[in-house]
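If you use my numbering, the sequence shown corresponds to residues -6 to 354, in order. Built from N, CA and C at the ideal position, the CB exists for glycine as well. A quick note: this is a predicted structure, and the numbers were derived from the prediction, not measured.
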Amino acid sequence: MTIPQMEPWLGEEEATAVNDYMRSGGWLMEHDKSRQFESLIADYTGASHCIVTVNGTVSLTLAALACDVKAGDEVIVPNYTMIATANSAYLFGASPVFVDVEPETLCLDINKAEAAVTTKTRAIMLVTANGRYPKAGVEAFVDLADRHGLVLIEDAAQSLGSRYPDGRHMGRVGKVGSFSFSVPRVITTGQGGYLITDDGEVAERLRKLKDFGRIAGGNDTHQSVGYNFKFTDLQACVGIEQMKKLQQRVERKKQILLRYRQALGAIESVTFFEQDLVNTTPWFIDILCERRADLQGHLKKVGIGSRVMYPPINRQEAYQRAGHHPVSELVGMKGLWLPSSSQLTDQQIEMVCDSIAEFYN
Ligand SMILES: Cc1ncc(COP(=O)(O)O)c(C=O)c1O
């Protein structure tokens, strides 16, 4: 593929850091490098606490467990999201309840979320889709959660570098915010997840939950049940170097979306979602397009990668839940991710846009 839909961006700095670490006698497992990495993330997001873990799915499970969500509880999740959001609740016996999203932002629809609250509902997982915040405003979700005694968890897996209009980094408004460092992210550690919170008690519970319930490191006293969901210092070496490149990539991601919008804005068959480029960072370039499969075929012939956006989760064989969710169904039919890597050149973006224009003309 000449222009892949996405590819990670790792450089000499990461290779050198891993090499130096390997020669230093480090134990690879989670230790000082991970603490340093957590501090960098806490500083960047402004959160009081950051806790690294194995991935962005387990981090959501940990968030729910640390907030006392239990088996049998209902958790409201968007019907448009990576299926991991729902699975993270399913994993410990909670029941994900699928709610449609706003057409402009693909974040949860506040009215539909409120209508889905039952006596069993315990939490809302607000996914800040592609770094976007809901049109209703995140405060409306805080209010909804407060009125019904629910926990608000932000699934900000796609939102490093994105802030709400009041300046708070995504993930800082709910009780806890969850992120992913998997390969397609703006920066990556291969696999990896992290949680941010300003609540010291929740942070403490999270640290215990991911370390067998130990009361402290290097100690085998357990007051509560926990698991092994720890990170590794080897990954932290990569992450520390990637953090140095974050802000530059955030700026580039914004420019990339601007260029796509300028070049494709006049094509009727292509629609962009709303994105506040002052405060938020598009992770992927997402569009709705007509004749999606044919467009993908056309792009593929000239070596341009693209990827179909997430299908509606309630229709996935894994869940098969009844319900009509028009926005997520529309995305399931017309949603497409265009090449979105931070290292795309202006010339490559032009090639992609020319090829799309050629297809529709
Ligand atoms: C919104 C959302 N939540 C959770 C996850 C899961 O993250 P991970 O792949 O690190 O488990 C993803 C991954 O794509 C995601 O997009």
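With 16 other Cβ atoms within 10 Å as the buried cut-off, status of residue 299: The residue in question, residue 299, is buried, as its Cβ has 16 or more Cβ neighbours within 10 Å.
C-alpha gap between residue 302 and residue 216, whole angstroms: Here the C-alpha atom of residue 302 lies approximately 43 Å from the C-alpha atom of residue 216.
Residue 250 (DSSP reduced to helix, strand or coil): Three-state result, residue 250: helix.
As assigned by DSSP and simplified to three states, the class of residue 116: Residue 116 falls in the strand class under three-state DSSP.
Buried versus exposed, by CB contacts within 10 Å (16 or more), residue 200: The residue in question, residue 200, is buried, as its Cβ has 16 or more Cβ neighbours within 10 Å.
Beta bridge counterpart(s) of residue 317 as assigned by DSSP: In DSSP, residue 317 forms no bridge with anything.
For review: beta carbons within less than 6 Å of any heavy atom in ligand 1: For ligand 1, the selected residues are 48, 49, 50, 74, 75, 77, 78, 120, 148, 150, 151, 173, 175, 186.
Of the residues 25, 219, 92, 291, the one placed nearest residue 111, counting alpha carbons only: Answer by Cα proximity: 92.
Whole beta strand (DSSP E) elements within the stretch 117 to 201, 3-residue minimum: Counting only runs of 3 or more, we get 144 to 148, 169 to 173, 186 to 190.
Cβ-Cβ distance between residue 295 and residue 282 below 8 Å: With respect to the 8 Å criterion, residue 295 and residue 282 are not classified as neighbours on the basis of their beta carbons.
Within the stretch 6 to 85, ranges of the alpha helix (DSSP H) (whole runs, at least 4 residues): Segments of the alpha helix (DSSP H) lying fully in the stretch 6 to 85: 25 to 38, 51 to 59, 77 to 83.
Burial state of residue 158, where buried means 16 or more other Cβ atoms lie within 10 Å: Residue environment analysis places residue 158 among the exposed positions, since fewer than 16 neighbouring C-beta atoms fall within 10 angstroms of its C-beta.
Cβ-Cβ separation, residue 118 to residue 146 (assumed contact under 8 Å), whole Å: The beta-carbon separation of residue 146 and residue 118, rounded to 5 Å, stays under the 8 Å limit for a contact.
Between the CA atoms of residue 138 and residue 208 - distance to the nearest angstrom: For residue 208 and residue 138, the distance between alpha carbons rounds to 31 Å.
Cβ-based burial, residue 319 [other Cβ within 10 Å; buried from 16]: So residue 319 ends up on the exposed side.
Per-residue burial, residue 212 [other beta carbons within 10 Å of its own, 16 or more giving buried]: Residue 212 comes out exposed.
Complete runs of the beta strand (DSSP E) confined to the stretch 222 to 309 [at least 3 residues]: List check, beta strand (DSSP E) in window: 263 to 265, 278 to 282.
Sequence-distant residues of the same chain with beta carbon closer than 7 Å to residue 230, five excluded per side: Within the same chain, Cβ atoms closer than 7 Å to the Cβ of residue 230 are found at 10, 11, 14, 26, the five residues on either side in sequence being excluded.
Separation of residue 84 from residue 235, as counted between CA atoms: Residue 235 and residue 84: Cα-Cα distance of roughly 30 Å.
Close beta carbons around residue 51, own chain, < 7 Å, minus the five adjacent residues each side: Non-local beta-carbon contacts of residue 51 in its own chain, meaning distances under 7 Å to residues more than five positions away in sequence, involve 186, 222 in chain order.
Supposed close pair residue 66, residue 113 - CB separation, criterion 8 Å: The Cβ separation is near 6 Å, so the contact holds.
Cα-Cα separation, residue 242 to residue 165: One C-alpha to the other measures close to 21 Å.
Presumed contact (8 Å Cβ cut-off) between residue 277 and residue 99, rounded CB distance: Between residue 99 and residue 277 the Cβ distance is about 11 Å, and since that is not below 8 Å, they are no contact.
For residue 297, the nearest candidate out of 337, 313, 247 (CA to CA): Out of 337, 313, 247, 337 has the C-alpha closest to the C-alpha of residue 297.
Delimiting residues of the beta strand (DSSP E) encompassing residue 91: For residue 91, the enclosing beta strand (DSSP E) begins and ends at 88 to 92.
Residues sharing a beta bridge with residue 328, DSSP: Checking the DSSP bridge columns, you'll see residue 328 partnered with 281.
Same chain only: Cβ atoms within 6 Å of residue 31, ignoring 5 sequence neighbours per side: 43, 45.
With 16 other Cβ atoms within 10 Å as the buried cut-off, status of residue 218: Exposed, because fewer than 16 other Cβ atoms sit within 10 Å of the Cβ of residue 218.
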